[in-house]
Every structure is written in C-alpha cells, then in structure tokens.
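Sequential numbering of the sequence shown, starting at 585, is according to the numbering used here.
See structure below.
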Amino acid sequence: MEGMDTVCREAESFLRRYFGERDKPPAEAEERIREVLSAIRRTGGYDHTAEELVYGGKAAWRNNSRCIGRLFWNSLEVIDARHASTEDEVAECLFRHLEKAGAEGRIRPLMTVFRSRSEGSEEISIWNHQLIRYAGYPSPDGSSPRRGDPASDEFTSICLSLGWKGSGGDFDVLPLVIGIGAREPKLYEIPPHLVQEVEIRHPETSALDSLGLRWYAVPVISDMSLEIGGIQYPAAPFNGWYMETEIGARNFADAGRYDRLPDVADALGLDRSSNTTLWKDRALVELNLAVLHSFKRDGVSIVDHHTAADQFMRFQQQEREQGRDVSARWSWLIPPISPAATAVWHDSAMQEYDLSPSLSYQPPAWVRAGTSAARPAPPESSGAAQPPLYAEAAGGRSGCPFHVSGGS
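Next comes the structure, spelled out in structure tokens:
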C-alpha cells in the first residue's frame with residue numbers, strides 16, 4: 585500500500601509540473617490526474633501519453649546534476665519505442681537510434697524509451713554501458729601488454745562467453761547484448777556503417793599518428809534508468825555529443841583506461857624525467873587539441889570544455905529566470921583540465937537536489953539477470969585471453985549522461 589501511495593504522489597507531482605509548464609487548462613490537468621490515480625489504484629501503475637513521455641525525457645536531462653551540457657535540454661528528441669517486444673525489435677530500434685543520432689556527423693541529442701518496468705511483463709534490458717564501446721582484454725599473466733579498454737573488461741568477458749569473437753585489438757567494437765525477462769540474452773553485431781570513428785591527428789605535427797588513436801563519434805549511454813512520475817524505464821538509451829576532455833583527458837589518459845599519456849609525451853619529445861617538467865599537463869593539452877581538431881576535421885559535433893562551462897552558466901541563468909531549482913554537483917561539472925580557467929570553478933553556490941524526472945544508475949543488467957561474467961569463454965572465440973571478473977561499476981562510469989567530465 586505504501587508503494588502505491590508513493591507512486592500516486594509522484595505521478596500527481598509530475599503531472600502538475602507537466603501541465604503547468606505546458607500552460608494547459610487546469611481542468612484538463614485535474615481530469616488527467618484523476619484518470620491516472622484511478623489507474624494506479626486499480627492496476628498499480630499507469631501509462632504515460634506520448635507527450636508526457638517526451639516532456640519527462642527532456643526534464644530528466646534538465647534535472648541531471650552531473651551534466652554540464654544542459655543548455656540544450658529542450659532540443660532532445662524522444663522516440664517512443666514502448667511497442668518493441670522482442671529482441672529483434674529492440675535491436676532494430678537501437679540501430680535506428682545510432683543512424684539518426686549520428687547522421688553525417690551532425691550529432692543530435694536523442695533518447696529512445698522502451699517499455700516500463702511493471703508487474704506481469706518481462707523487463708527489457710540493454711547490457712551495454714554504451715551502444716558503441718570498445719572491448720577490453722587484460723593480459724593473462726602480466727607478461728604481455730593488455731589491449732583495449734579496461735573499463736570494458738567484465739562486459740567483454742560476458743560477450744565472449746555468449747559466443748562473440750573479438751580480434752583482441754585496442755578498438756574492437758563490442759556487440760549489442762539485449763535481454764528480455766529470464767531468457768538468454770541475444771547478441772547483435774552493430775552494422776559497420778553505424779559506427780562512425782574519428783582518427784586522432786594533431787593539427788601541427790604528425791608525431792601522434794603512429795599511436796593509432798581513434799574514438800567513436802556518438803556516446804549513447806544505455807545502462808541508466810529513466811524515472812518519470814513514479815514509473816521506471818530500465819531501457820532508455822540517450823546521447824548528446826562529446827566534450828573533448830572525456831576522450832583526451834579521461835578515456836585516453838586515465839591510468840585505469842587506455843593510459844596513453846606517457847606514449848603521447850614520448851611522441852612529442854617531452855622530458856618525462858621529473859614531474860617538474862609538467863610533461864603530463866603539456867601532453868594533456870596537446871592530446872585534447874588533437875581530439876578537437878580531429879572531430880572538427882571530420883565534421884563531427886564536439887564541444888570544448890571552456891565553451892561547455894560558459895553554456896552551463898547560461899543554462900543556470902535561464903532556469904533561475906523560470907523559477908526552477910538547478911541541481912548541480914560542482915565536483916562533476918568542473919572539467920578535468922584547466923578547471924580554474926572556467927566559470928564553473930568559481931561558482932560556490934551550487935547545490936544538488938533530488939529532482940524528478942531523473943536518470944539514475946541501476947545494477948548492470950547481467951547482475952539483475954543473475955549472470956556471472958566468470959563463465960569461461962570458448963577457447964577459439966578470440967586471440968586474447970579470457971578477462972577475469974572486473975567490477976566496472978567501481979570506476980570509469982559516466983556520471984553525466986550527455987557531457988561526461990568523468991570520461992566515457
């Protein structure tokens with residue numbers, strides 16, 4: 585009974601905000617609230633209209649305390665995929681999402697929402713952290729170099745155990761893994777034409793060319809839960825575009841990720857004999873410059889951290905003018921390089937609020953399904969060794985769903 589009362593309160597609160605912000609007649613709001621409360625008391629839940637779903641998705645982005653790129657929240661396009669009921673239908677919707685989100689490099693903010701979590705229906709789950717991400721292959725005994733992205737080690741192990749065959753390289757695109765209810769999850773290779781990648785080149789020197797760095801264009805977060813008015817949508821992948829520091833200062837540079845900063849410094853001829861040479865700082869700046877240059881060269885949307893910080897300050901001002909609280913976590917909004925040179929560094933008034941609608945973490949889909957990543961992969965599945973169980977949730981996860989200063 586307490587759970588039902590909670591859903592009723594959250595549904596009514598959501599609907600009053602929705603109708604209020606849309607300037608709809610009060611009588612229409614009251615009628616819809618009565619209808620929804622009746623449905624909750626009768627069935628334990630309710631269905632959002634298409635318009636409510638769109639508003640809820642946009643508001644969830646607007647409310648995310650860890651996202652620096654919320655100035656464009658109202659441009660988010662929300663696709664209603666609640667009709668999808670099979671793995672094949674879900675996969676087709678995800679392929680369409682990738683095609684639409686990254687068409688010709690002009691990345692558009694997009695969210696695809698599958699059916700809600702409810703009693704009596706099998707839950708749809710997307711096992712990937714992002715729709716496009718690179719595999720990770722640890723060294724079997726430490727005697728040979730590891731390959732790929734350490735943040736993907738555990739999920740790569742699961743994919744191998746399900747029959748996927750990776751090449752053991754640094755930039756193997758993982759398959760989609762889709763689960764419905766208690767059924768065995770299904771693998772889907774992403775068509776190559778949907779995976780746009782950018783080769784990283786420096787605008788002033790060819791010294792970095794030999795490193796063979798590249799990254800994918802569209803970051804589609806696919807493992808967070810969308811909550812709207814007390815209703816949970818466990819599969820609601822969404823994307824914005826990259827901030828350059830996500831790639832250059834975190835994905836490539838973090839010791840727990842690709843850890844290529846020493847290689848970049850050596851390629852540029854920097855003196856690594858002492859921290860006092862500031863070789864890490866110099867290599868970071870040049871690597872981020874290369875990321876920005878490469879994305880712009882290929883016509884792929886990206887934002888630099890100074891512009892993103894200025895945009896966030898404009899977002900805060902706009903929200904305050906509308907009388908809305910801005911939930912913000914300072915430690916996540918400051919960029920990982922030159923934070924003191926941005927306006928957000930000096931904003932000490934930020935506060936984090938528990939707002940709804942929301943995007944939030946949930947246990948990985950394989951944990952919810954009771955699947956172990958420790959099952960041995962077939963020996964012939966890859967030239968790389970089988971990765972051990974790796975707690976990806978402990979690090980490297982995206983904190984901001986659209987512009988992740990934490991790296992993704």
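Just so you know, even glycine gets a beta-carbon here, dropped at the ideal spot from N, CA and C.
In this text the structure is predicted, and so the values were computed from the model without any measurement.
Could you check the C-alpha separation between residue i and residue j for me, to the nearest Å?
i: K749; j: V591; result: 44 Å
i: Y826; j: S885; result: 7 Å
i: Y937; j: S857; result: 45 Å
i: P948; j: A611; result: 42 Å
i: M588; j: A595; result: 10 Å
i: S709; j: R666; result: 13 Å
i: P960; j: E619; result: Per-residue confidence for P960 stands at a pLDDT of 35, beneath the threshold of 50, marking its modelled position as unreliable; the derived number appears in the next sentence. Answer to the nearest angstrom: the Cα atoms are 51 Å apart.
i: R606; j: L810; result: 21 Å
i: W914; j: L621; result: 37 Å
i: I716; j: G629; result: 33 Å
i: L854; j: W863; result: 6 Å
i: Q970; j: G752; result: Per-residue confidence for Q970 stands at a pLDDT of 25, beneath the threshold of 50, marking its modelled position as unreliable; the derived number appears in the next sentence. The straight-line gap from Cα to Cα measures roughly 10 Å.
i: S965; j: F603; result: Because S965 sits at a pLDDT of 29, beneath the cut-off of 50, its placement in the model cannot be relied upon, and the following sentence gives the value as read from the coordinates. Computed Cα separation, rounded: 54 Å.
i: W929; j: S727; result: 43 Å
i: D843; j: D754; result: 12 Å
i: P846; j: R690; result: 32 Å
i: R593; j: E673; result: 34 Å
i: I742; j: R701; result: 24 Å
i: A927; j: Q895; result: 10 Å
i: A668; j: V697; result: 10 Å
i: N675; j: P769; result: The amino acid occupying residue 675 in the given sequence is Ala; Asn does not appear at that position. Straight-line Cα distance between these residues: approximately 12 Å.
i: P609; j: I617; result: 13 Å
i: A958; j: L797; result: With a pLDDT of 41 at A958, under the threshold of 50, the modelled position of this residue cannot be trusted; read the value that follows with caution. The alpha-carbon atoms of A958 and L797 are separated by roughly 30 Å.
i: S940; j: E903; result: 15 Å
By the 10 Å Cβ neighbour count, where 16 or more other Cβ atoms means buried, how is residue i classified, buried or exposed?
i: K642; result: buried
i: R881; result: exposed
i: W876; result: Per the sequence presented here, residue 876 reads as Leu, with Trp not at that position. Under this definition L876 is a buried residue.
i: E783; result: exposed
i: N835; result: buried
i: N648; result: buried
i: A867; result: buried
i: P776; result: exposed
i: L599; result: buried
i: P729; result: exposed
i: G967; result: Residue placement at G967 cannot be trusted, given a pLDDT of 28 that sits under 50; what the coordinates show is reported in the next sentence. The residue in question, G967, is exposed, as its Cβ has fewer than 16 Cβ neighbours within 10 Å.
i: N859; result: exposed
i: P1038; result: This structure cannot settle anything about residue 1038, because the visible part of the chain is limited to 585 through 992.
i: E870; result: buried
i: T627; result: exposed
i: E688; result: exposed
i: D737; result: buried
i: D865; result: exposed
i: D909; result: exposed
Return yes when the Cβ of residue j is within less than 8 Å of the Cβ of residue i, no when it is not.
i: L1005; j: L771; result: Here the chain comprises residues numbered 585 to 992, so residue 1005 is not present and cannot be evaluated.
i: I652; j: A893; result: yes
i: E828; j: A801; result: no
i: R851; j: L792; result: Contrary to the premise, residue 851 reads as Ala rather than Arg in this sequence. Yes, these two residues count as a Cβ contact at 8 Å.
i: Q714; j: S944; result: no
i: N712; j: F739; result: yes
i: V804; j: A685; result: yes
i: G840; j: N872; result: no
i: G732; j: Y721; result: yes
i: S806; j: P787; result: no
i: E661; j: L694; result: yes
i: L758; j: Y817; result: no
i: A644; j: D664; result: no
Q. On the three-pair Cβ rule with 8 Å, is the stretch 892-910 touching the stretch 652-661?
A. yes
Q: Tell me the start and end of each unbroken beta strand (DSSP E) in the stretch 815-862 that is at least 3 residues and wholly inside, in chain order.
A: 815-817
Q. What runs of the beta strand (DSSP E), each 3 residues or longer, lie entirely inside the stretch 739-786?
A. 760-764, 770-772 and 781-783
Q. Unbroken alpha helix (DSSP H) runs of length 4 or more, entirely within the stretch 655-698: which are they?
A. 671-685
Q.
My parser needs the alpha helix (DSSP H) runs of 4 or more residues fully inside the stretch 869-953; what are they?
A. 889-905, 914-917 and 949-952
(Q) Please give the ranges of any beta strand (DSSP E) in the stretch 702-732, keeping only runs that are unbroken, at least 3 residues long and fully inside the region. (A) 708-710
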